[in-house]
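Undergrad: Our numbering numbers the first residue of the sequence shown as 48 and each following residue consecutively.
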Amino acid sequence: MDSQRTLRRQVSCAGIGLHSGNKVTLSLKPAPANSGIRFRRSDLSGLEIPATVGNLAGIHYATHLSRNEGSVETVEHLLAALVGLGVDNAIVELNYPEVPIMDGSAAPFVYLIQEAGLRSLPVPRRFMRVLRPVELSRGDKRIALYPSEQFKVSYSISFEHPLLRHQARTVSVNEDSFVEQIAPARTFGFLKEVEMLRQQGLALGGSLENAVVIGETGVLNNPLRFEDEFVRHKILDAIGDLALVGHPVVGHLVAHRAGHALHTAFAAKLLEERDAWELVEQQVPLPFGVPAGAPVGSAIAGR
Ligand SMILES: [Zn+2]
Numbered sequence: 048m049d050s051q052r053t054l055r056r057q058v059s060c061a062g063i064g065l066h067s068g069n070k071v072t073l074s075l076k077p078a079p080a081n082s083g084i085r086f087r088r089s090d091l092s093g094l095e096i097p098a099t100v101g102n103l104a105g106i107h108y109a110t111h112l113s114r115n116e117g118s119v120e121t122v123e124h125l126l127a128a129l130v131g132l133g134v135d136n137a138i139v140e141l142n143y144p145e146v147p148i149m150d151g152s153a154a155p156f157v158y159l160i161q162e163a164g165l166r167s168l169p170v171p172r173r174f175m176r177v178l179r180p181v182e183l184s185r186g187d188k189r190i191a192l193y194p195s196e197q198f199k200v201s202y203s204i205s206f207e208h209p210l211l212r213h214q215a216r217t218v219s220v221n222e223d224s225f226v227e228q229i230a231p232a233r234t235f236g237f238l239k240e241v242e243m244l245r246q247q248g249l250a251l252g253g254s255l256e257n258a259v260v261i262g263e264t265g266v267l268n269n270p271l272r273f274e275d276e277f278v279r280h281k282i283l284d285a286i287g288d289l290a291l292v293g294h295p296v297v298g299h300l301v302a303h304r305a306g307h308a309l310h311t312a313f314a315a316k317l318l319e320e321r322d323a324w325e326l327v328e329q330q331v332p333l334p335f336g337v338p339a340g341a342p343v344g345s346a347i348a349g350r
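1) In chain order, what residues place their C-beta within less than 5 Å of a heavy atom belonging to ligand 1?
2) If contacts are defined as beta-carbon pairs under 8 Å, then serine 219 and glutamine 197 qualify, I think. What distance do you get, rounded to the angstrom?
3) Just to confirm the assignment: which complete alpha helix (DSSP H) runs, minimum length 4, are found wholly within the region 212–285?
4) Between the beta-carbon of valine 177 and the beta-carbon of tryptophan 324, is there less than 9 Å?
5) Which residue spans inside the region 115–147 form an unbroken alpha helix (DSSP H) run of at least 4?
6) Here's a check: name, in chain order, each residue in its chain whose Cβ is nearer than 6 Å to the Cβ of proline 155, leaving out the five neighbours to either side.
7) From the DSSP output, in three-state form, read off glycine 62 for me.
8) Just the C-alpha distance for methionine 243 and tyrosine 158, rounded to the nearest angstrom, thanks.
9) Distance, Cα to Cα, leucine 103 vs isoleucine 138?
10) Is the beta carbon of proline 77 closer than 9 Å to that of arginine 166?
11) Round the Cβ separation of alanine 285 and alanine 98 to the nearest angstrom and send it over; I've been treating them as touching at under 8 Å.
12) In the DSSP assignment, the alpha helix (DSSP H) including tyrosine 158 goes from what residue to what residue?
13) Have a look at valine 327 and proline 144 and give me their C-alpha separation to the nearest angstrom.
14) In angstroms with no decimal places, state the Cα-to-Cα distance between alanine 314 and proline 209.
15) What residue range is occupied by the uninterrupted alpha helix (DSSP H) comprising histidine 208?
16) Is the region 168–177 touching the region 271–283 in the sense that three or more CB pairs, one from each, lie closer than 8 Å?
17) Hey, how far is the Cα of alanine 153 from the Cα of asparagine 81?
18) Between which two residues does the beta strand (DSSP E) containing phenylalanine 86 stretch?
19) Can you list, in chain order, the residues of its chain whose CB lies under 8 Å from that of leucine 183, leaving out five sequence neighbours each side?
20) Would you please state the rounded distance, in angstroms, between the beta carbons of arginine 233 and glycine 133? I believe it to be under 8 Å.
21) Straight-line CA distance for leucine 75 to glutamate 227?
22) Return the first residue and the last residue of the alpha helix (DSSP H) that phenylalanine 313 is part of.
23) Mind checking who valine 71 pairs with in its DSSP beta bridge?
24) By alpha-carbon positions, which one of Gly253, His299, Gln330 and Asp187 ends up nearest to glycine 306?
25) Evaluate the contact criterion for the region 248–256 versus the region 84–94: three or more CB pairs, one atom per stretch, below 8 Å.
26) Please name the residue or residues paired with serine 184 in a DSSP beta bridge.
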C-alpha cells in the first residue's frame, strides 16, 4: 500500500510576494489523512482555502484561489513542491494573500519540506489513474492527458523570441527527477512584459533575484540553471496547477504553449469527465488475471 503522507513537523520561512512586493511569512504544518493541501490565512482568523479546482478564482500571470472573503495568489510553485515530494496533506499558513516568490523556483520550498521531513499516515493514497485521453485546446495552445503507467509530463513552448523559438522536454515525474530536474527551474518573463505589469501595479516584488528576465538579445541574469530552464519551469507550473485535482495523477500530461489559464481549465475539465479516470490505491495497474475487486494487498506483490 502507498500510504498518504504529511509533514513530520512545522517549518516556516519568509519572503516577498511577487505581485505585491510585501513581506510574507509562510508556515507548513502537518495535517490529517484525507484533508489535502489547505491554505490558511492567519490574518483572517484562520480562514481556510483548500487547494482544489472548486476554489479557483482566476488567473493573472499566476494561479489564484479564493473562498468566502479570503484569497491566496501564486500557489503553483509551492503546490508543485508538495506534490512533487509526495505530500498529500498539509496546512499552508500565510499572513498575507500571496505565497512568497522566493527565488522564482520550487527549490526553496523543496528544502523547506525536506527540513520538515515526511510522515506516513495509516490511510492509503488514492491515485487518479487516467483511462482514456482527455484534451483541451484554445487556438494553438493545447493540453492533454493520456493513459500511462506513471506520471509523465511532456511540454513544448515557442515564443516570438530568438532564444525561445522552441524548447521541449519530457520528464517521468518522481521525487528524484522533480528535485533534480524541475524544482530549480525559475519563473521567466520578458523585459517588455515586466514593464507592462509594473504599470498595472503587478510584479512589484519582481527582480533579477526571483525571475529570469529576457531582454531583446538575451537573458539579463545569466547563467541559466539549465540550458532549457524555461520549458522546465513550464513543467513545474503544470505539476502545481494539476495538483488542484486533489489526487496524484497516473497519466501522461502533454502540453504545448499552455499556461496557468489552460492548465487550470484542464484540471476542472478532468474532474468533470468522470469516465476518463478512476481512483485506485496503487499506482501500477493490476497484474493480468487479478479481478478488479481483489483485495488491494494481493495485487502489490512484486512491486
Ligand atoms: Zn511559474
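Idealized CB from N, CA, C, for every residue including glycine.
For clarity, every value in this text was computed on a predicted model and none was experimentally measured.
TA: Taking the geometry as given:
1) In chain order, the qualifying residues are Thr234 and Asp284.
2) Contact holds; Cβ gap of about 6 Å.
3) Runs found: 238–246.
4) Cβ atoms of valine 177 and tryptophan 324: closer than 9 Å.
5) Runs found: 123–131.
6) Contacts found: Met149.
7) Assigned with DSSP and collapsed to three states, glycine 62 falls in strand.
8) Roughly 33 Å separates the two Cα atoms.
9) Roughly 18 Å separates the two Cα atoms.
10) In this structure, proline 77 lies closer than 9 Å to arginine 166 by Cβ.
11) Rounded to whole angstroms, the Cβ separation of alanine 285 and alanine 98 is 15 Å, and the two are not in contact under 8 Å.
12) Counting along the chain, tyrosine 158 sits inside the alpha helix (DSSP H) bounded by residues 154–163.
13) Going from the Cα of valine 327 to the Cα of proline 144 covers about 34 Å.
14) Pairing alanine 314 with proline 209, the inter-Cα distance amounts to about 32 Å.
15) Unbroken run through histidine 208: none, as it is neither H nor E.
16) Counting Cβ pairs under 8 Å, fewer than three are found: no touch.
17) Distance between the alpha carbons of alanine 153 and asparagine 81: 24 Å.
18) Counting along the chain, the beta strand (DSSP E) containing phenylalanine 86 begins and ends at 84–88.
19) For leucine 183, where only same-chain residues beyond five positions count, the Cβ hits under 8 Å are Arg189, Ile190, Ala191, Leu309, Ala312, Phe313 and Lys316.
20) Cβ atoms of arginine 233 and glycine 133 stay farther apart than 8 Å, at about 23 Å.
21) About 22 Å.
22) Under the DSSP assignment, phenylalanine 313 falls in the alpha helix (DSSP H) whose first and last residues are 307–319.
23) DSSP lists Gly62 as the bridge partner or partners of valine 71.
24) The residue with the shortest Cα to Cα distance from glycine 306 is Asp187.
25) The way I'd put it, the region 248–256 doesn't touch the region 84–94; fewer than three beta-carbon pairs between them come closer than 8 Å.
26) Partner(s): Arg189.
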